[in-house]
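Student: The structure that follows is given in the form of C-alpha coordinates.
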Amino acid sequence: MHPRLLKTFLVVARCRTVTRAAETVHLAQSSVSDQIQSLEAELGAVLFTRLKSGLELTSAGLALKPIAEELLRLDAEARAAVLAAAGQTSGALTIGALETIASARLAPWLPGFQASYPDIAVRMKVTDSGALLRLLEEGDIDVAFCFERRDMFNGGANQRFARRTILAEPLALVTAPGQKPVPCDLAALAALRFVATEPGCIYRHMFDTAFAEAGTGTPELAAEVGSIGAIARLVAAGAGLGLIPRLAVSDALKRRELIELPWPGPEPAAPLTMIWRRRRVQPPALRRLLTAASDMQAPASSKASSDAESSSRSKVLL
(Lines of atoms letter the chains of each structure in order from A and count residues from 1; the text may use other names and numbers.)
(Lines give C-alpha, C1' and ligand atoms only; values in the text may rest on other atoms or scores of the structure.)
Protein backbone atom coordinates (compact mmCIF):
# COMPACT_ATOMS: atom_id res chain seq x y z
CA MET A 1 0.00 0.00 0.00
CA HIS A 2 1.60 3.21 -1.18
CA PRO A 3 1.67 5.99 1.45
CA ARG A 4 0.10 8.37 -1.07
CA LEU A 5 -2.99 6.15 -1.31
CA LEU A 6 -3.23 5.85 2.47
CA LYS A 7 -3.00 9.63 2.90
CA THR A 8 -5.80 10.14 0.39
CA PHE A 9 -7.90 7.48 2.10
CA LEU A 10 -7.56 9.22 5.47
CA VAL A 11 -8.42 12.61 3.99
CA VAL A 12 -11.56 11.22 2.36
CA ALA A 13 -12.50 9.52 5.64
CA ARG A 14 -12.16 12.86 7.42
CA CYS A 15 -13.85 15.06 4.80
CA ARG A 16 -16.58 12.53 3.93
CA THR A 17 -16.83 13.86 0.38
CA VAL A 18 -14.50 13.47 -2.58
CA THR A 19 -14.98 17.15 -3.43
CA ARG A 20 -13.70 18.45 -0.08
CA ALA A 21 -10.96 15.82 0.00
CA ALA A 22 -9.76 16.89 -3.46
CA GLU A 23 -9.61 20.52 -2.31
CA THR A 24 -7.63 19.48 0.78
CA VAL A 25 -4.99 17.48 -1.11
CA HIS A 26 -4.98 19.82 -4.13
CA LEU A 27 -5.95 17.14 -6.63
CA ALA A 28 -8.73 16.75 -9.15
CA GLN A 29 -11.78 14.86 -7.90
CA SER A 30 -11.15 12.18 -10.53
CA SER A 31 -7.63 11.65 -9.17
CA VAL A 32 -8.94 11.20 -5.62
CA SER A 33 -11.58 8.74 -6.83
CA ASP A 34 -8.96 6.82 -8.82
CA GLN A 35 -6.69 6.53 -5.78
CA ILE A 36 -9.48 5.20 -3.58
CA GLN A 37 -10.46 2.70 -6.27
CA SER A 38 -6.83 1.59 -6.60
CA LEU A 39 -6.59 1.04 -2.86
CA GLU A 40 -9.88 -0.89 -2.81
CA ALA A 41 -8.70 -3.05 -5.73
CA GLU A 42 -5.41 -3.76 -3.97
CA LEU A 43 -7.14 -4.75 -0.74
CA GLY A 44 -10.06 -6.50 -2.38
CA ALA A 45 -12.64 -4.67 -0.25
CA VAL A 46 -14.95 -1.65 -0.47
CA LEU A 47 -13.78 1.04 1.95
CA PHE A 48 -16.61 3.58 1.69
CA THR A 49 -20.35 3.54 1.38
CA ARG A 50 -22.34 6.52 0.14
CA LEU A 51 -25.12 7.89 2.35
CA LYS A 52 -27.20 11.07 2.12
CA SER A 53 -24.99 12.62 4.80
CA GLY A 54 -21.82 11.80 2.87
CA LEU A 55 -19.30 8.99 2.60
CA GLU A 56 -19.09 6.57 5.52
CA LEU A 57 -16.39 4.03 6.23
CA THR A 58 -17.40 0.41 5.79
CA SER A 59 -16.30 -2.19 8.32
CA ALA A 60 -13.25 -2.76 6.12
CA GLY A 61 -12.55 0.97 6.05
CA LEU A 62 -12.87 1.22 9.82
CA ALA A 63 -10.40 -1.64 10.20
CA LEU A 64 -7.94 0.03 7.83
CA LYS A 65 -8.06 3.52 9.36
CA PRO A 66 -5.91 3.00 12.52
CA ILE A 67 -3.48 0.81 10.61
CA ALA A 68 -3.14 3.43 7.86
CA GLU A 69 -2.39 6.07 10.51
CA GLU A 70 0.27 3.84 12.06
CA LEU A 71 1.83 3.00 8.69
CA LEU A 72 2.11 6.67 7.78
CA ARG A 73 3.63 7.42 11.18
CA LEU A 74 6.22 4.69 10.63
CA ASP A 75 6.89 5.98 7.12
CA ALA A 76 7.58 9.46 8.50
CA GLU A 77 9.83 8.07 11.24
CA ALA A 78 11.76 5.97 8.74
CA ARG A 79 12.42 9.00 6.56
CA ALA A 80 13.43 11.05 9.62
CA ALA A 81 15.82 8.32 10.79
CA VAL A 82 17.50 8.13 7.37
CA LEU A 83 17.90 11.92 7.20
CA ALA A 84 19.35 12.02 10.72
CA ALA A 85 21.79 9.18 9.98
CA ALA A 86 22.89 10.94 6.80
CA GLY A 87 23.46 14.18 8.72
CA GLN A 88 21.00 16.13 6.60
CA THR A 89 19.33 19.23 8.03
CA SER A 90 17.29 20.31 5.02
CA GLY A 91 13.57 19.78 4.80
CA ALA A 92 10.19 21.48 4.88
CA LEU A 93 8.27 22.46 8.00
CA THR A 94 4.71 23.65 8.43
CA ILE A 95 4.06 25.70 11.55
CA GLY A 96 0.58 26.22 12.93
CA ALA A 97 -0.21 29.14 15.20
CA LEU A 98 -2.90 31.37 16.63
CA GLU A 99 -3.12 34.65 14.74
CA THR A 100 -1.91 36.70 17.72
CA ILE A 101 1.14 34.48 18.25
CA ALA A 102 1.92 34.35 14.54
CA SER A 103 1.99 38.12 14.17
CA ALA A 104 3.46 39.19 17.52
CA ARG A 105 5.93 36.37 18.28
CA LEU A 106 6.69 34.23 15.23
CA ALA A 107 6.85 36.97 12.62
CA PRO A 108 9.76 38.76 14.38
CA TRP A 109 11.50 35.47 15.24
CA LEU A 110 11.22 33.43 12.02
CA PRO A 111 13.57 35.53 9.84
CA GLY A 112 16.43 34.83 12.25
CA PHE A 113 15.69 31.10 12.21
CA GLN A 114 15.52 31.03 8.42
CA ALA A 115 18.79 32.95 8.18
CA SER A 116 20.44 30.35 10.42
CA TYR A 117 18.94 27.41 8.51
CA PRO A 118 18.40 28.53 4.89
CA ASP A 119 18.00 24.91 3.78
CA ILE A 120 14.79 24.54 5.81
CA ALA A 121 11.65 25.72 4.03
CA VAL A 122 9.02 27.03 6.45
CA ARG A 123 5.29 27.49 5.86
CA MET A 124 2.73 28.75 8.34
CA LYS A 125 -0.95 28.04 8.89
CA VAL A 126 -2.94 30.39 11.13
CA THR A 127 -6.12 29.12 12.78
CA ASP A 128 -7.80 28.57 16.16
CA SER A 129 -6.45 26.32 18.92
CA GLY A 130 -8.93 23.48 18.32
CA ALA A 131 -8.06 23.32 14.64
CA LEU A 132 -4.34 23.40 15.46
CA LEU A 133 -4.55 20.17 17.44
CA ARG A 134 -6.59 18.52 14.69
CA LEU A 135 -4.08 19.59 12.02
CA LEU A 136 -1.25 18.32 14.21
CA GLU A 137 -2.97 14.99 14.75
CA GLU A 138 -3.58 14.59 11.03
CA GLY A 139 -0.02 15.49 10.09
CA ASP A 140 -0.93 18.69 8.23
CA ILE A 141 1.37 20.73 10.48
CA ASP A 142 4.60 19.75 12.22
CA VAL A 143 4.37 21.97 15.30
CA ALA A 144 1.72 24.21 16.83
CA PHE A 145 2.23 27.41 18.81
CA CYS A 146 -0.72 28.27 21.02
CA PHE A 147 -1.79 29.24 24.51
CA GLU A 148 -2.22 26.12 26.61
CA ARG A 149 -5.43 25.46 28.48
CA ARG A 150 -5.97 22.93 31.24
CA ASP A 151 -8.33 20.67 29.29
CA MET A 152 -6.21 20.68 26.12
CA PHE A 153 -4.56 17.33 26.83
CA ASN A 154 -7.42 15.28 28.19
CA GLY A 155 -7.83 11.69 27.10
CA GLY A 156 -5.08 10.19 24.95
CA ALA A 157 -3.63 13.53 23.85
CA ASN A 158 -0.90 13.28 26.51
CA GLN A 159 0.40 10.15 24.81
CA ARG A 160 0.13 11.53 21.25
CA PHE A 161 1.64 14.98 21.80
CA ALA A 162 4.76 16.40 23.37
CA ARG A 163 4.74 20.00 24.52
CA ARG A 164 7.03 22.64 25.95
CA THR A 165 6.11 25.99 27.44
CA ILE A 166 8.27 28.74 25.95
CA LEU A 167 7.24 31.67 28.11
CA ALA A 168 4.33 33.05 30.10
CA GLU A 169 2.50 35.78 28.23
CA PRO A 170 1.11 38.39 30.67
CA LEU A 171 -2.56 39.26 30.43
CA ALA A 172 -3.29 42.98 30.25
CA LEU A 173 -6.25 44.64 31.95
CA VAL A 174 -7.16 47.38 29.47
CA THR A 175 -9.60 50.26 29.30
CA ALA A 176 -10.27 53.24 27.05
CA PRO A 177 -8.46 56.53 27.67
CA GLY A 178 -10.41 58.99 29.77
CA GLN A 179 -12.67 56.45 31.47
CA LYS A 180 -13.81 56.68 35.08
CA PRO A 181 -11.37 55.48 37.76
CA VAL A 182 -11.21 51.70 38.15
CA PRO A 183 -11.11 50.06 41.61
CA CYS A 184 -7.94 48.22 42.55
CA ASP A 185 -9.83 45.52 44.46
CA LEU A 186 -10.53 42.21 42.76
CA ALA A 187 -14.07 41.85 44.04
CA ALA A 188 -14.97 45.38 42.93
CA LEU A 189 -13.25 44.81 39.61
CA ALA A 190 -15.30 41.66 39.00
CA ALA A 191 -18.46 43.75 39.42
CA LEU A 192 -17.60 45.84 36.36
CA ARG A 193 -18.53 45.12 32.76
CA PHE A 194 -16.04 43.41 30.44
CA VAL A 195 -15.76 42.53 26.77
CA ALA A 196 -14.62 38.95 26.10
CA THR A 197 -14.48 36.39 23.34
CA GLU A 198 -17.10 33.67 23.00
CA PRO A 199 -17.16 30.47 25.12
CA GLY A 200 -14.85 27.80 23.77
CA CYS A 201 -12.22 30.28 22.60
CA ILE A 202 -8.80 30.03 24.24
CA TYR A 203 -8.92 33.74 25.11
CA ARG A 204 -12.25 33.28 26.87
CA HIS A 205 -10.75 30.38 28.79
CA MET A 206 -7.92 32.66 29.96
CA PHE A 207 -10.41 35.35 30.96
CA ASP A 208 -12.58 32.94 32.97
CA THR A 209 -9.56 31.27 34.55
CA ALA A 210 -8.04 34.58 35.69
CA PHE A 211 -11.13 35.50 37.69
CA ALA A 212 -11.69 31.94 38.93
CA GLU A 213 -8.13 31.78 40.29
CA ALA A 214 -8.63 35.18 41.91
CA GLY A 215 -11.61 33.72 43.79
CA THR A 216 -14.14 36.20 42.44
CA GLY A 217 -17.30 35.76 40.46
CA THR A 218 -17.31 36.03 36.68
CA PRO A 219 -17.81 39.65 35.60
CA GLU A 220 -20.86 40.75 33.67
CA LEU A 221 -20.13 40.86 29.95
CA ALA A 222 -20.99 43.90 27.89
CA ALA A 223 -20.39 41.84 24.74
CA GLU A 224 -19.09 38.51 23.49
CA VAL A 225 -17.15 38.83 20.26
CA GLY A 226 -15.22 36.58 17.93
CA SER A 227 -11.74 38.06 17.99
CA ILE A 228 -9.15 39.91 20.05
CA GLY A 229 -9.23 42.73 17.50
CA ALA A 230 -12.95 43.22 18.11
CA ILE A 231 -12.35 43.30 21.87
CA ALA A 232 -9.69 46.00 21.46
CA ARG A 233 -11.99 48.13 19.32
CA LEU A 234 -14.95 47.80 21.69
CA VAL A 235 -12.82 48.54 24.76
CA ALA A 236 -11.32 51.57 23.02
CA ALA A 237 -14.86 52.75 22.30
CA GLY A 238 -15.74 52.53 26.00
CA ALA A 239 -17.92 49.40 25.92
CA GLY A 240 -16.16 47.85 28.92
CA LEU A 241 -12.85 46.55 30.20
CA GLY A 242 -10.78 43.81 28.59
CA LEU A 243 -8.43 41.15 29.95
CA ILE A 244 -6.35 39.80 27.08
CA PRO A 245 -2.73 38.87 26.27
CA ARG A 246 -0.61 42.00 26.31
CA LEU A 247 1.14 41.06 23.08
CA ALA A 248 -2.24 41.22 21.30
CA VAL A 249 -2.72 44.91 22.10
CA SER A 250 0.87 46.16 22.37
CA ASP A 251 0.50 48.40 19.32
CA ALA A 252 -2.80 49.85 20.58
CA LEU A 253 -1.13 50.58 23.93
CA LYS A 254 1.75 52.37 22.22
CA ARG A 255 -0.70 54.45 20.19
CA ARG A 256 -2.59 55.30 23.40
CA GLU A 257 -5.80 53.86 21.97
CA LEU A 258 -5.95 51.69 25.10
CA ILE A 259 -4.66 52.18 28.64
CA GLU A 260 -3.28 49.25 30.66
CA LEU A 261 -4.28 49.09 34.32
CA PRO A 262 -2.45 47.13 37.03
CA TRP A 263 -4.10 43.84 37.91
CA PRO A 264 -4.91 43.88 41.64
CA GLY A 265 -3.01 40.76 42.60
CA PRO A 266 -0.45 38.39 41.06
CA GLU A 267 -0.31 39.19 37.37
CA PRO A 268 -2.29 36.61 35.37
CA ALA A 269 -0.45 35.02 32.48
CA ALA A 270 -1.03 32.48 29.73
CA PRO A 271 1.56 29.79 28.90
CA LEU A 272 2.73 30.12 25.29
CA THR A 273 3.34 26.51 24.35
CA MET A 274 4.69 24.64 21.36
CA ILE A 275 3.19 21.20 20.70
CA TRP A 276 4.33 18.44 18.36
CA ARG A 277 3.61 14.78 17.74
CA ARG A 278 5.59 12.22 19.70
CA ARG A 279 7.86 10.15 17.44
CA ARG A 280 10.71 7.79 18.07
CA VAL A 281 12.74 9.88 15.63
CA GLN A 282 11.96 13.52 14.90
CA PRO A 283 12.85 14.98 11.48
CA PRO A 284 16.14 16.92 11.76
CA ALA A 285 14.50 20.14 10.52
CA LEU A 286 11.84 19.92 13.23
CA ARG A 287 14.46 19.20 15.90
CA ARG A 288 16.30 22.36 14.95
CA LEU A 289 13.16 24.46 15.07
CA LEU A 290 12.16 23.08 18.48
CA THR A 291 15.62 23.83 19.87
CA ALA A 292 15.71 27.34 18.43
CA ALA A 293 12.15 28.18 19.54
CA SER A 294 13.03 27.33 23.12
CA ASP A 295 15.06 30.54 23.19
CA MET A 296 12.17 32.69 22.00
CA GLN A 297 11.66 35.60 24.35
CA ALA A 298 9.34 38.55 24.61
CA PRO A 299 10.71 41.59 22.76
CA ALA A 300 12.60 44.02 24.99
CA SER A 301 10.24 46.80 23.88
CA SER A 302 7.36 45.16 25.76
CA LYS A 303 8.91 45.88 29.15
CA ALA A 304 10.06 49.33 28.12
CA SER A 305 6.63 50.34 26.86
CA SER A 306 5.03 48.91 30.00
CA ASP A 307 7.34 51.01 32.20
CA ALA A 308 6.71 54.11 30.12
CA GLU A 309 2.97 53.75 30.65
CA SER A 310 3.08 53.12 34.40
CA SER A 311 2.68 56.78 35.38
CA SER A 312 -0.35 57.22 33.12
CA ARG A 313 -2.02 54.12 34.59
CA SER A 314 -1.84 55.52 38.09
CA LYS A 315 -3.92 58.50 37.02
CA VAL A 316 -6.98 56.32 36.42
CA LEU A 317 -6.76 54.35 39.66
CA LEU A 318 -8.54 55.14 42.92
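The sequence shown stops at residue 1153 when you use my numbering, and every number in between is there. Virtual Cβ for every residue (Gly too), placed ideally from N, Cα, C.
What are the boundary residues of the alpha helix (DSSP H) that includes W944?
Tutor: A942 to S951
Student: If distances are taken between C-alpha atoms only, which option among C1036, R999, L841 and I1063 comes closest to A966?
Tutor: C1036
Student: Does the separation of the CB atoms of L1021 and A1049 fall below 8 Å?
Tutor: yes
Student: Can you give me the Cβ contacts of R984 inside the same chain, cut-off strictly under 7 Å, excluding the 5 residues immediately before and after it?
Tutor: I1037 and H1040
Student: What does a CB cutoff of less than 6 Å around P981 pick up in its chain, not counting 5 residues either side in sequence?
Tutor: In the sequence on display, residue 981 carries Cys and not Pro. Closer than 6 Å at the Cβ level, and outside the excluded window around C981, lie L933, S964 and L967.
Student: Can you tell which of T1032, D1043 and L945 has the C-alpha that lies nearest to the C-alpha of G1061?
Tutor: T1032
Student: Do the stretch 1088–1099 and the stretch 995–1008 meet, that is, are 3 or more Cβ pairs less than 8 Å apart?
Tutor: yes
Student: Return the Cβ separation of M1109 and R999 in integer angstroms, given the expectation that the two are a contact with Cβ distance under 8 Å.
Tutor: 6 Å
Student: Which residues mark the beginning and the end of the alpha helix (DSSP H) in which G1064 is found?
Tutor: I1063 to A1071
Student: Are the beta-carbon atoms belonging to G1235 and L970 less than 8 Å from one another?
Tutor: Here the chain covers residues 836 to 1153 and nothing more, so residue 1235 does not appear.
Student: What residue from L1107, V1084, E1059 and L1125 has the CA that sits closest to L1002's CA?
Tutor: L1107
Student: Contact between the stretch 876–888 and the stretch 901–913 is defined here as three or more beta-carbon pairs at a separation below 8 Å; is this criterion met?
Tutor: no
Student: Less than 6 Å between C-beta atoms, sequence neighbours within five positions excluded: which residues of the same chain meet that for G1073?
Tutor: Counting only residues of its own chain and dropping the five nearest sequence neighbours on each side, G1073 has a CB closer than 6 Å to the CB of A1011.
Student: Would a C-beta distance cut-off of 8 Å place T929 and D954 closer than the cut-off?
Tutor: no
Student: So, is G1077 buried or exposed, given that buried needs 16 or more other C-beta atoms within 10 angstroms?
Tutor: It counts as buried.
Student: Classify E891 as buried or exposed, calling it buried when 16 or more other Cβ atoms lie within 10 Å of its own Cβ.
Tutor: exposed
Student: In terms of DSSP beta bridges, what is I1094 paired with?
Tutor: T1010
Student: If the criterion is Cβ atoms closer than 8 Å, does the pair L1125 and V1017 meet it?
Tutor: no
Student: For M1109, list the residues DSSP reports as bridge partners.
Tutor: F980 and R999
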